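I have placed the structure first, in the form of structure tokens, so that the comments after it can refer back to it.
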Amino acid sequence: SGVSRCVSGVFCPVADVLGNAHVSLFFAGGQSPGSARRALAAYAQAERVDPAAAANPDLHLNRATLLQYLERFQAALEGLSRAAELAPGWDEPRKRHGSLLEFLSRLCGLLANRGKLRGKRRRGLAGPVPLPLLGPLGGAGGPRPSPITALRPGP
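Structure representation (structure tokens):
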């Protein structure tokens, strides 16, 4: 009976492990959209195939973390809420849910106030880039407008 409890304690659904592997690959390998898509598909398969996986708060937290990085905030919030429901004694999902809500609130405020920039400053940022800031691309040695017919292949 002790061995069976130990085995059930370390057992993880294969699709859940596969999802975690793809998430690791996503973050370590340059945030490839393919890795993210495969991770989400593996989590969905784990949830669909195994009822124990669907009740695993780690699965929901890990998927929510990936969804947050993909800027799919509504789904991330839902995943964090589900993880908190499944593990009432675990504070991590609630902390992350609160942090994400706070981030989204600040983001909405900045968007509504256009980054808290006043009109003159905002217009200055939207205007042309001053020549000194262009470095070697500005001034006499920089690129000049040319008609399409005058363009030639480079070296």
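For the sequence shown, UniProt numbering begins at 1 and goes up steadily by one.
We treat Cβ as the ideally placed atom computed from N, Cα and C, and that holds for glycine.
In this text, all values refer to a predicted model and were calculated from it rather than measured experimentally.
Rounded to a whole number of angstroms, what is the C-alpha to C-alpha distance between residue i and residue j?
| i | j | result |
| --- | --- | --- |
| VAL23 | GLU47 | 16 Å |
| PRO147 | ALA41 | 49 Å |
| PRO33 | GLU78 | 21 Å |
| LYS20 | GLY109 | Contrary to the premise, residue 20 reads as Asn rather than Lys in this sequence. Whole-angstrom Cα-Cα distance: 34 Å. |
| TYR69 | GLU85 | 22 Å |
| ASN113 | ALA39 | 36 Å |
| LEU107 | ALA53 | 33 Å |
| ARG72 | LEU80 | 12 Å |
| ASN62 | LEU111 | 28 Å |
| PRO57 | ASP91 | 12 Å |
| LEU100 | ALA150 | 53 Å |
| GLY89 | SER105 | 26 Å |
Tell me whether residue i sits in a helix, a strand or coil according to DSSP, three-state version.
| i | result |
| --- | --- |
| LEU146 | One detail in the question is off: residue 146 reads as Ser in this sequence, not Leu. Correct three-state label for SER146: coil. |
| SER32 | coil |
| ASN113 | coil |
| LEU151 | coil |
| VAL10 | A caution first: VAL10 carries a pLDDT of 48, below 50, which makes its placement in the model unreliable, though a value can still be read off. Three-state DSSP puts VAL10 in a helix. |
If residue i sits next to residue j, beta carbons under 8 Å apart, how far is it from one beta carbon to the other, in whole angstroms?
| i | j | result |
| --- | --- | --- |
| LEU25 | TYR43 | Rounded, the Cβ-Cβ distance is 14 Å, inconsistent with contact. |
| LEU66 | ALA28 | Not a contact, Cβ separation roughly 13 Å. |
| ALA64 | ALA83 | 7 Å |
Whole runs of the alpha helix (DSSP H) within the segment 37 to 111, excluding any shorter than 4 residues: 51 to 54, 57 to 69 and 73 to 86
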